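Here is the structure we will look at, set down as structure tokens.
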Amino acid sequence: MTVPSAFTASLSPDERAASGRNARRRAPRSSHGWYETAQQRPDPIEVVERQSAERVAESVPIRHGRMLQSPFRFYRGAAAIMAAESYADRNERDFAALEDACRSGRIRAERL
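All letters in the sequence shown, in the order written, are residues 158 to 269 by the working numbering.
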């Protein structure tokens with residue numbers, strides 16, 4: 158059994174469902190099919206290079222080699238790039254809250 162957060166504990170099931178429907182109206186599924194690069198998006202290569210400047214110099218080539226092996230490994234090694242991308246997302250707060258609620262079991266995925 159999950160423990161409700163302070164936010165969800167104060168809402169009835171109907172209110173939580175209404176909140177979810179409202180979030181879906183603001184960000185319909187069809188809006189997830191397009192991507193437009195933000196004007197102020199940081200250059201991904203610059204982000205990786207800035208991170209490399211703060212690392213032990215001998216580990217940088219190893220890190221870059223691992224990131225070159227596959228897209229999955231690239232994104233695992235470049236969390237700062239994904240964080241910058243999600244920060245630019247216009248619906249970030251709504252989806253972060255929904256994701257948190259799903260992970261904690263407060264919302265069941267099939268009801269979204």
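Heads up, the beta-carbon is just placed ideally off N, CA and C, and yes, glycines get one too. Quick caveat: nothing in here was measured; it's all calculated off a predicted structure.
For D171, the enclosing alpha helix (DSSP H) covers residues P170 to R183. When only Cα atoms are considered, S227 and H221 end up about 11 Å apart.
Proximity of the segment 231-238 to the segment 194-212 meets the contact definition, three or more beta-carbon pairs being nearer than 8 Å. For P199, no alpha helix (DSSP H) segment is defined, and its DSSP state is neither H nor E. Distance from the CA of S167 to the CA of R182, rounded to the nearest whole angstrom, comes to 22 Å. Judged by DSSP in its simplified three-state form, R212 adopts coil rather than helix or strand. In this structure, F231 and M239 do not form a Cβ contact; the two beta carbons are roughly 10 Å apart against a cut-off of 8 Å.
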